[in-house]
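Scroll down for the structure; my scribbles are underneath it.
Residue numbers (UniProt numbering): 1 to 374.
Put into C-alpha coordinates, the structure is as follows:
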(Lines of atoms letter the chains of each structure in order from A and count residues from 1; the text may use other names and numbers.)
(Lines give C-alpha, C1' and ligand atoms only; values in the text may rest on other atoms or scores of the structure.)
Protein backbone atom coordinates (compact mmCIF):
# COMPACT_ATOMS: atom_id res chain seq x y z
CA UNK A 1 0.00 0.00 0.00
CA UNK A 2 2.83 2.27 0.78
CA UNK A 3 4.34 1.38 -2.53
CA UNK A 4 1.15 2.26 -4.21
CA UNK A 5 0.96 5.50 -2.36
CA UNK A 6 4.53 6.29 -3.18
CA UNK A 7 3.99 5.80 -6.85
CA UNK A 8 4.55 9.05 -8.59
CA UNK A 9 1.52 10.94 -9.65
CA UNK A 10 0.75 10.76 -13.30
CA UNK A 11 2.11 13.90 -14.83
CA UNK A 12 1.00 15.53 -18.00
CA UNK A 13 3.61 17.19 -20.07
CA UNK A 14 2.64 20.71 -20.85
CA UNK A 15 5.37 21.00 -23.38
CA UNK A 16 4.27 18.14 -25.57
CA UNK A 17 1.23 19.91 -26.88
CA UNK A 18 2.98 23.23 -27.43
CA UNK A 19 5.81 21.43 -29.19
CA UNK A 20 3.32 19.58 -31.40
CA UNK A 21 1.40 22.81 -31.85
CA UNK A 22 4.64 24.61 -32.64
CA UNK A 23 5.27 22.25 -35.53
CA UNK A 24 1.75 22.61 -36.89
CA UNK A 25 1.02 26.26 -36.13
CA UNK A 26 2.09 27.61 -39.53
CA UNK A 27 -0.27 25.19 -41.27
CA UNK A 28 -3.24 25.24 -38.89
CA UNK A 29 -6.52 26.89 -39.77
CA UNK A 30 -8.15 29.69 -37.78
CA UNK A 31 -10.47 27.44 -35.78
CA UNK A 32 -7.67 25.11 -34.61
CA UNK A 33 -5.69 28.12 -33.38
CA UNK A 34 -8.65 29.16 -31.28
CA UNK A 35 -8.99 25.59 -29.96
CA UNK A 36 -5.39 25.47 -28.73
CA UNK A 37 -5.71 28.91 -27.24
CA UNK A 38 -8.73 27.82 -25.18
CA UNK A 39 -6.88 24.62 -24.18
CA UNK A 40 -4.00 26.57 -22.66
CA UNK A 41 -5.97 29.39 -21.13
CA UNK A 42 -8.93 27.46 -19.64
CA UNK A 43 -8.19 25.79 -16.23
CA UNK A 44 -7.98 22.00 -16.09
CA UNK A 45 -10.88 20.00 -14.65
CA UNK A 46 -8.53 17.46 -12.99
CA UNK A 47 -8.29 17.38 -9.22
CA UNK A 48 -4.57 17.74 -9.38
CA UNK A 49 -4.71 20.77 -11.59
CA UNK A 50 -7.13 22.55 -9.28
CA UNK A 51 -4.59 22.59 -6.51
CA UNK A 52 -1.53 23.26 -8.54
CA UNK A 53 -0.50 26.36 -10.38
CA UNK A 54 -0.43 25.67 -14.08
CA UNK A 55 3.04 25.69 -15.53
CA UNK A 56 4.27 28.67 -17.57
CA UNK A 57 4.00 28.43 -21.24
CA UNK A 58 7.17 29.29 -23.10
CA UNK A 59 7.21 32.85 -24.33
CA UNK A 60 7.84 32.06 -27.97
CA UNK A 61 5.03 29.49 -28.04
CA UNK A 62 2.45 31.81 -26.46
CA UNK A 63 3.37 34.57 -28.87
CA UNK A 64 2.85 32.28 -31.83
CA UNK A 65 -0.53 31.11 -30.51
CA UNK A 66 -1.74 34.62 -29.67
CA UNK A 67 -0.61 35.92 -33.03
CA UNK A 68 -2.44 33.21 -34.94
CA UNK A 69 -5.48 33.51 -32.69
CA UNK A 70 -5.70 37.22 -33.32
CA UNK A 71 -5.43 36.58 -37.03
CA UNK A 72 -8.20 34.03 -36.73
CA UNK A 73 -10.46 36.50 -34.93
CA UNK A 74 -9.71 39.10 -37.54
CA UNK A 75 -10.56 36.63 -40.26
CA UNK A 76 -13.89 35.85 -38.64
CA UNK A 77 -14.91 39.55 -38.52
CA UNK A 78 -16.99 40.72 -41.47
CA UNK A 79 -14.95 42.88 -43.77
CA UNK A 80 -16.04 46.49 -43.95
CA UNK A 81 -16.80 47.45 -47.53
CA UNK A 82 -14.69 50.31 -48.75
CA UNK A 83 -15.92 52.87 -51.20
CA UNK A 84 -14.07 52.42 -54.47
CA UNK A 85 -12.41 55.51 -55.81
CA UNK A 86 -14.05 56.88 -58.91
CA UNK A 87 -11.82 58.85 -61.17
CA UNK A 88 -13.82 61.77 -62.58
CA UNK A 89 -12.29 63.23 -65.71
CA UNK A 90 -11.51 66.91 -65.60
CA UNK A 91 -13.44 67.47 -68.81
CA UNK A 92 -15.74 65.56 -71.04
CA UNK A 93 -13.81 63.16 -73.26
CA UNK A 94 -15.96 64.15 -76.21
CA UNK A 95 -14.95 67.80 -76.03
CA UNK A 96 -11.51 68.64 -77.34
CA UNK A 97 -11.85 72.42 -77.04
CA UNK A 98 -11.74 74.14 -73.63
CA UNK A 99 -14.98 75.82 -72.55
CA UNK A 100 -13.49 79.35 -72.20
CA UNK A 101 -12.19 79.12 -75.75
CA UNK A 102 -15.60 78.06 -77.06
CA UNK A 103 -17.33 80.93 -75.24
CA UNK A 104 -14.79 83.41 -76.57
CA UNK A 105 -15.67 82.34 -80.11
CA UNK A 106 -19.41 82.83 -79.60
CA UNK A 107 -19.69 85.75 -77.15
CA UNK A 108 -18.34 89.22 -77.98
CA UNK A 109 -16.08 90.85 -75.35
CA UNK A 110 -17.54 92.94 -72.50
CA UNK A 111 -16.62 96.17 -74.32
CA UNK A 112 -19.57 95.66 -76.66
CA UNK A 113 -21.94 95.94 -73.68
CA UNK A 114 -22.61 98.77 -71.26
CA UNK A 115 -20.36 99.00 -68.18
CA UNK A 116 -21.67 98.63 -64.65
CA UNK A 117 -23.64 101.60 -63.32
CA UNK A 118 -23.02 102.37 -59.64
CA UNK A 119 -25.53 104.93 -58.36
CA UNK A 120 -24.68 106.01 -54.78
CA UNK A 121 -27.37 105.67 -52.15
CA UNK A 122 -28.54 108.78 -50.35
CA UNK A 123 -26.83 109.11 -46.99
CA UNK A 124 -28.65 110.02 -43.80
CA UNK A 125 -28.78 113.77 -43.41
CA UNK A 126 -27.49 114.40 -46.94
CA UNK A 127 -29.09 117.31 -48.78
CA UNK A 128 -31.17 116.64 -51.87
CA UNK A 129 -29.05 118.90 -54.09
CA UNK A 130 -25.87 117.18 -52.93
CA UNK A 131 -27.42 113.78 -53.62
CA UNK A 132 -28.43 114.83 -57.15
CA UNK A 133 -24.93 116.11 -57.78
CA UNK A 134 -23.31 112.82 -56.72
CA UNK A 135 -25.80 110.82 -58.78
CA UNK A 136 -25.10 112.98 -61.82
CA UNK A 137 -21.38 112.44 -61.41
CA UNK A 138 -21.96 108.66 -61.30
CA UNK A 139 -23.87 108.85 -64.60
CA UNK A 140 -21.12 110.97 -66.17
CA UNK A 141 -18.58 108.30 -65.16
CA UNK A 142 -20.83 105.65 -66.70
CA UNK A 143 -21.10 107.54 -69.99
CA UNK A 144 -17.35 108.13 -70.14
CA UNK A 145 -16.72 104.41 -69.69
CA UNK A 146 -19.32 103.67 -72.37
CA UNK A 147 -17.68 106.03 -74.86
CA UNK A 148 -14.34 104.42 -74.05
CA UNK A 149 -15.88 101.01 -74.84
CA UNK A 150 -17.22 102.28 -78.17
CA UNK A 151 -13.79 103.54 -79.19
CA UNK A 152 -12.07 100.32 -78.09
CA UNK A 153 -14.60 98.26 -80.04
CA UNK A 154 -14.08 100.45 -83.11
CA UNK A 155 -10.32 99.84 -83.02
CA UNK A 156 -10.88 96.11 -82.61
CA UNK A 157 -13.40 96.05 -85.46
CA UNK A 158 -10.92 97.81 -87.75
CA UNK A 159 -8.28 95.15 -87.11
CA UNK A 160 -10.85 92.40 -87.69
CA UNK A 161 -11.88 93.90 -91.03
CA UNK A 162 -8.24 93.94 -92.07
CA UNK A 163 -7.93 90.33 -90.98
CA UNK A 164 -10.93 89.32 -93.09
CA UNK A 165 -9.61 91.29 -96.08
CA UNK A 166 -6.29 89.41 -96.00
CA UNK A 167 -8.02 86.03 -96.03
CA UNK A 168 -8.53 84.26 -99.38
CA UNK A 169 -11.79 85.06 -101.12
CA UNK A 170 -12.88 81.42 -100.92
CA UNK A 171 -12.57 81.33 -97.10
CA UNK A 172 -13.39 84.95 -96.30
CA UNK A 173 -16.75 83.99 -94.80
CA UNK A 174 -15.00 81.59 -92.42
CA UNK A 175 -12.20 83.98 -91.42
CA UNK A 176 -14.10 85.50 -88.47
CA UNK A 177 -15.75 83.78 -85.54
CA UNK A 178 -19.26 84.61 -84.46
CA UNK A 179 -17.96 86.93 -81.73
CA UNK A 180 -15.67 88.78 -84.17
CA UNK A 181 -18.42 89.11 -86.74
CA UNK A 182 -20.75 90.58 -84.13
CA UNK A 183 -18.04 93.04 -83.04
CA UNK A 184 -17.71 94.37 -86.59
CA UNK A 185 -21.46 94.59 -87.05
CA UNK A 186 -22.25 96.32 -83.73
CA UNK A 187 -19.31 98.69 -83.96
CA UNK A 188 -20.48 99.94 -87.34
CA UNK A 189 -23.83 100.99 -85.86
CA UNK A 190 -22.38 102.48 -82.65
CA UNK A 191 -19.73 104.57 -84.37
CA UNK A 192 -22.45 106.41 -86.33
CA UNK A 193 -24.30 107.22 -83.12
CA UNK A 194 -21.25 108.45 -81.24
CA UNK A 195 -21.00 112.07 -82.57
CA UNK A 196 -24.62 112.93 -81.75
CA UNK A 197 -24.40 111.33 -78.33
CA UNK A 198 -21.12 113.10 -77.53
CA UNK A 199 -22.78 116.42 -78.34
CA UNK A 200 -25.67 115.60 -75.98
CA UNK A 201 -23.26 114.78 -73.15
CA UNK A 202 -21.29 117.99 -73.67
CA UNK A 203 -24.42 120.15 -73.65
CA UNK A 204 -26.46 118.48 -70.90
CA UNK A 205 -23.75 117.04 -68.68
CA UNK A 206 -25.25 115.41 -65.56
CA UNK A 207 -28.78 115.81 -66.96
CA UNK A 208 -28.09 113.51 -69.92
CA UNK A 209 -30.05 110.52 -68.46
CA UNK A 210 -33.25 112.59 -68.43
CA UNK A 211 -33.08 113.18 -72.19
CA UNK A 212 -31.38 109.91 -73.15
CA UNK A 213 -34.49 107.89 -72.24
CA UNK A 214 -36.38 109.52 -75.13
CA UNK A 215 -33.65 109.42 -77.80
CA UNK A 216 -32.58 105.78 -77.52
CA UNK A 217 -31.85 105.35 -81.28
CA UNK A 218 -29.15 108.04 -80.97
CA UNK A 219 -27.43 106.38 -77.99
CA UNK A 220 -24.69 103.77 -78.62
CA UNK A 221 -25.45 100.43 -76.99
CA UNK A 222 -22.51 100.58 -74.52
CA UNK A 223 -23.87 103.94 -73.29
CA UNK A 224 -27.44 102.87 -72.50
CA UNK A 225 -28.40 102.70 -68.84
CA UNK A 226 -30.26 99.59 -67.57
CA UNK A 227 -33.57 101.47 -67.18
CA UNK A 228 -33.29 102.59 -70.79
CA UNK A 229 -32.70 99.03 -72.00
CA UNK A 230 -35.69 97.69 -70.05
CA UNK A 231 -37.89 100.50 -71.35
CA UNK A 232 -36.86 99.75 -74.93
CA UNK A 233 -37.62 96.03 -74.59
CA UNK A 234 -40.98 96.75 -72.98
CA UNK A 235 -41.97 99.16 -75.75
CA UNK A 236 -40.89 96.70 -78.44
CA UNK A 237 -43.07 93.92 -77.04
CA UNK A 238 -46.06 96.25 -76.63
CA UNK A 239 -45.64 97.31 -80.26
CA UNK A 240 -45.50 93.69 -81.43
CA UNK A 241 -48.67 92.77 -79.53
CA UNK A 242 -50.48 95.80 -80.96
CA UNK A 243 -49.40 94.83 -84.46
CA UNK A 244 -50.64 91.28 -83.94
CA UNK A 245 -54.00 92.62 -82.76
CA UNK A 246 -54.39 94.84 -85.84
CA UNK A 247 -53.23 92.05 -88.11
CA UNK A 248 -55.90 89.72 -86.73
CA UNK A 249 -58.57 92.36 -87.34
CA UNK A 250 -57.44 93.06 -90.94
CA UNK A 251 -56.56 89.49 -91.89
CA UNK A 252 -59.52 88.98 -94.24
CA UNK A 253 -58.96 92.31 -95.98
CA UNK A 254 -55.24 91.73 -96.44
CA UNK A 255 -55.71 88.22 -97.82
CA UNK A 256 -58.38 89.37 -100.29
CA UNK A 257 -56.32 92.38 -101.34
CA UNK A 258 -53.27 90.40 -102.41
CA UNK A 259 -54.80 87.08 -103.42
CA UNK A 260 -54.61 86.12 -107.09
CA UNK A 261 -57.30 84.02 -108.80
CA UNK A 262 -56.52 80.31 -108.85
CA UNK A 263 -53.90 80.48 -106.07
CA UNK A 264 -54.02 79.21 -102.51
CA UNK A 265 -52.85 81.09 -99.43
CA UNK A 266 -49.29 80.53 -98.29
CA UNK A 267 -50.26 79.24 -94.88
CA UNK A 268 -48.30 79.38 -91.66
CA UNK A 269 -44.56 79.90 -92.15
CA UNK A 270 -42.04 79.47 -89.34
CA UNK A 271 -39.26 82.08 -89.40
CA UNK A 272 -36.55 79.60 -88.37
CA UNK A 273 -37.26 77.43 -91.44
CA UNK A 274 -37.80 80.28 -93.89
CA UNK A 275 -35.67 80.31 -97.06
CA UNK A 276 -34.70 83.44 -98.94
CA UNK A 277 -36.28 82.30 -102.22
CA UNK A 278 -39.63 81.90 -100.47
CA UNK A 279 -39.78 85.61 -99.59
CA UNK A 280 -40.32 86.67 -103.22
CA UNK A 281 -43.44 84.49 -103.53
CA UNK A 282 -45.14 85.49 -100.28
CA UNK A 283 -48.45 87.31 -100.13
CA UNK A 284 -48.96 90.52 -98.18
CA UNK A 285 -50.56 88.87 -95.15
CA UNK A 286 -47.68 86.39 -94.68
CA UNK A 287 -45.13 89.16 -95.14
CA UNK A 288 -46.81 91.28 -92.48
CA UNK A 289 -47.05 88.32 -90.11
CA UNK A 290 -43.33 87.55 -90.33
CA UNK A 291 -42.37 91.23 -90.26
CA UNK A 292 -44.45 91.68 -87.11
CA UNK A 293 -42.77 88.72 -85.44
CA UNK A 294 -39.21 89.77 -86.39
CA UNK A 295 -39.80 93.56 -86.10
CA UNK A 296 -38.68 94.29 -89.65
CA UNK A 297 -40.63 97.45 -90.53
CA UNK A 298 -40.50 100.82 -88.77
CA UNK A 299 -42.97 101.99 -86.15
CA UNK A 300 -43.81 105.07 -88.24
CA UNK A 301 -46.29 102.98 -90.22
CA UNK A 302 -48.11 102.11 -87.00
CA UNK A 303 -48.42 105.76 -85.99
CA UNK A 304 -49.79 106.66 -89.42
CA UNK A 305 -52.17 103.64 -89.43
CA UNK A 306 -50.82 102.60 -92.84
CA UNK A 307 -49.80 99.24 -94.25
CA UNK A 308 -46.17 99.17 -95.44
CA UNK A 309 -45.66 98.58 -99.17
CA UNK A 310 -45.13 95.00 -100.21
CA UNK A 311 -41.74 95.74 -101.80
CA UNK A 312 -40.51 97.34 -98.59
CA UNK A 313 -41.65 94.36 -96.54
CA UNK A 314 -39.85 91.93 -98.86
CA UNK A 315 -36.62 93.91 -98.69
CA UNK A 316 -36.72 94.25 -94.89
CA UNK A 317 -37.68 90.61 -94.33
CA UNK A 318 -35.01 89.31 -96.71
CA UNK A 319 -32.38 91.40 -94.95
CA UNK A 320 -33.43 90.11 -91.52
CA UNK A 321 -33.57 86.49 -92.67
CA UNK A 322 -30.08 86.75 -94.18
CA UNK A 323 -28.74 88.03 -90.88
CA UNK A 324 -30.46 85.31 -88.83
CA UNK A 325 -29.31 82.51 -91.15
CA UNK A 326 -25.70 83.67 -90.91
CA UNK A 327 -25.87 84.19 -87.16
CA UNK A 328 -27.44 80.75 -86.65
CA UNK A 329 -24.74 79.14 -88.77
CA UNK A 330 -21.91 80.84 -86.89
CA UNK A 331 -23.41 79.94 -83.51
CA UNK A 332 -23.71 76.28 -84.46
CA UNK A 333 -20.21 76.24 -85.95
CA UNK A 334 -18.41 77.95 -83.05
CA UNK A 335 -19.89 76.14 -80.06
CA UNK A 336 -23.70 76.09 -80.16
CA UNK A 337 -26.33 78.17 -78.41
CA UNK A 338 -25.46 76.47 -75.09
CA UNK A 339 -22.21 78.50 -74.96
CA UNK A 340 -24.02 81.86 -75.13
CA UNK A 341 -23.88 84.06 -72.03
CA UNK A 342 -26.96 85.54 -70.39
CA UNK A 343 -26.76 88.89 -72.21
CA UNK A 344 -26.27 87.20 -75.54
CA UNK A 345 -29.14 84.81 -74.84
CA UNK A 346 -31.46 87.75 -74.26
CA UNK A 347 -30.24 89.56 -77.36
CA UNK A 348 -30.59 86.46 -79.54
CA UNK A 349 -34.18 85.95 -78.35
CA UNK A 350 -35.08 89.60 -79.05
CA UNK A 351 -33.68 89.36 -82.58
CA UNK A 352 -35.71 86.21 -83.23
CA UNK A 353 -39.00 87.65 -82.03
CA UNK A 354 -39.13 85.82 -78.68
CA UNK A 355 -40.64 87.64 -75.68
CA UNK A 356 -38.05 88.31 -72.96
CA UNK A 357 -39.71 90.74 -70.53
CA UNK A 358 -40.34 89.11 -67.14
CA UNK A 359 -38.85 85.75 -68.16
CA UNK A 360 -35.95 83.88 -66.60
CA UNK A 361 -32.77 82.90 -68.38
CA UNK A 362 -33.76 79.23 -68.19
CA UNK A 363 -37.02 79.92 -70.04
CA UNK A 364 -35.18 81.93 -72.70
CA UNK A 365 -32.70 79.09 -73.20
CA UNK A 366 -35.57 76.67 -73.76
CA UNK A 367 -37.06 79.00 -76.37
CA UNK A 368 -33.71 79.32 -78.12
CA UNK A 369 -33.25 75.55 -78.05
CA UNK A 370 -36.62 75.15 -79.80
CA UNK A 371 -35.52 77.69 -82.42
CA UNK A 372 -32.35 75.75 -83.26
CA UNK A 373 -34.20 72.43 -83.42
CA UNK A 374 -36.06 73.71 -86.49
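Beta carbons: idealized from backbone N, C-alpha and C, even for Gly.
Every value quoted in this text rests on a predicted model; they were computed, and no experiment measured them.
Going by beta carbon distance, what residues of the same chain come within less than 6 Å of residue 341, once the five residues before and after it are set aside?
Here residue 341 is taken as the residue at index 341 of the chain shown, counted from 1. Same-chain partners within the cutoff: 107.
What distance in whole Å lies between the Cβ atoms of residue 191 and residue 150, which are believed to be in contact at a cut-off of 8 Å?
Within the chain shown, numbered from 1, the residue matching residue 150 stands at position 150. Within the chain shown, numbered from 1, the residue matching residue 191 stands at position 191. Contact holds; Cβ gap of about 7 Å.
The alpha helix (DSSP H) spanning residue 162 covers which residue range?
Translated into the one-based positions of the chain shown, residue 162 becomes position 162. Looking at the DSSP string, the run of the alpha helix (DSSP H) that includes residue 162 is 128-166.
What residue range is occupied by the uninterrupted alpha helix (DSSP H) comprising residue 234?
Looking up residue 234 in the chain shown gives position 234. Residue 234 -> alpha helix (DSSP H) spans 226-249.
State the DSSP-derived secondary structure class of residue 296, mapped to helix, strand or coil.
Reading the chain shown from its first residue, position 296 is the one you call residue 296. Of the three classes helix, strand and coil, the one that applies to residue 296 here is coil, per DSSP.
Answer yes if the region 165-175 comes into contact with the region 193-205, meaning at least three C-beta pairs across the two stretches below 8 Å, and no otherwise.
No: the two stretches stay apart, fewer than three of their Cβ pairs being nearer than 8 Å.
Taking only the alpha-carbon atoms, compute the straight-line gap between residue 272 and residue 372 and give it to the nearest angstrom.
In the chain shown, counting from the first residue as 1, residue 272 sits at position 272. In the chain shown, counting from the first residue as 1, residue 372 sits at position 372. Cα to Cα, residue 272 sits roughly 8 Å from residue 372.
According to DSSP, simplified to helix, strand and coil, what is residue 283?
Here the question's residue 283 lines up with position 283 in the chain shown. Residue state, collapsed to three classes: coil.
Quick check on DSSP: helix, strand or coil for residue 125?
Residue numbering aside, residue 125 sits at position 125 when the chain shown is read from its first letter. Coil.
Give the straight-line distance between the Cα atoms of residue 130 and residue 311, rounded to the nearest whole angstrom.
Walking along the chain shown from the start, residue 130 turns up at place 130. Walking along the chain shown from the start, residue 311 turns up at place 311. Residue 130 and residue 311: Cα-Cα distance of roughly 56 Å.
Given a threshold of 16 other Cβ atoms within 10 Å of its Cβ, counted over all protein chains shown, does residue 375 qualify as buried or as exposed?
Nothing can be reported for residue 375: it is not among the residues displayed for the chain, which extend from 1 to 374.
Roughly how many angstroms lie between the CA atoms of residue 203 and residue 329, to the nearest whole one?
Sequence index remark: in the chain shown, residue 203 carries index 203 (1-based). Sequence index remark: in the chain shown, residue 329 carries index 329 (1-based). Going from the Cα of residue 203 to the Cα of residue 329 covers about 44 Å.
What residue from 171, 242, 225, 101 has the CA that sits closest to residue 144's CA?
By one-based count along the chain shown, residue 144 stands at place 144. Nearest C-alpha to residue 144: 225.
To which residues of the same chain is residue 167 closer than 6 Å at the C-beta, ignoring the five residues directly before and after it?
In the chain shown, residue 167 corresponds to position 167, counting from 1. Counting only Cβ-Cβ distances below 6 Å, and skipping sequence neighbours, we find 175.
For residue 181, count the other beta carbons within 10 Å of its own beta carbon; 16 or more makes it buried, fewer makes it exposed. Which is it?
Here residue 181 is taken as the residue at index 181 of the chain shown, counted from 1. Under this definition residue 181 is a buried residue.
Whole-angstrom Cβ separation of residue 237 and residue 355, contact assumed at under 8 Å?
Working through the chain shown from its first residue, we reach residue 237 at position 237. Working through the chain shown from its first residue, we reach residue 355 at position 355. Confirmed, about 6 Å.
If contact is defined by three or more beta carbon pairs under 8 Å, each pair taking one atom from either stretch, is the region 215-225 in contact with the region 245-260?
Contact between the region 245-260 and the region 215-225 is absent, because fewer than three Cβ pairs lie under 8 Å.
Whose C-beta lies closer than 7 Å to the C-beta of residue 366 among residues of the same chain, with five residues either side of it excluded?
In the chain shown, the residue the question calls residue 366 occupies position 366. Cβ neighbours of residue 366 beyond the five flanking positions: none.
With distances taken Cα to Cα, identify the nearest neighbour of residue 347 among 332, 333, 324.
Sequence index remark: in the chain shown, residue 347 carries index 347 (1-based). Checking every option, the nearest Cα to that of residue 347 belongs to 324.
Using a Cβ-Cβ cut-off of 8 Å (strictly less than) and excluding sequence neighbours within five positions of residue 156, which residues of its own chain qualify?
As a first step, residue 156 must be located in the chain shown, where it is residue number 156. The answer, listed in chain order, is 109, 111, 183, 187.
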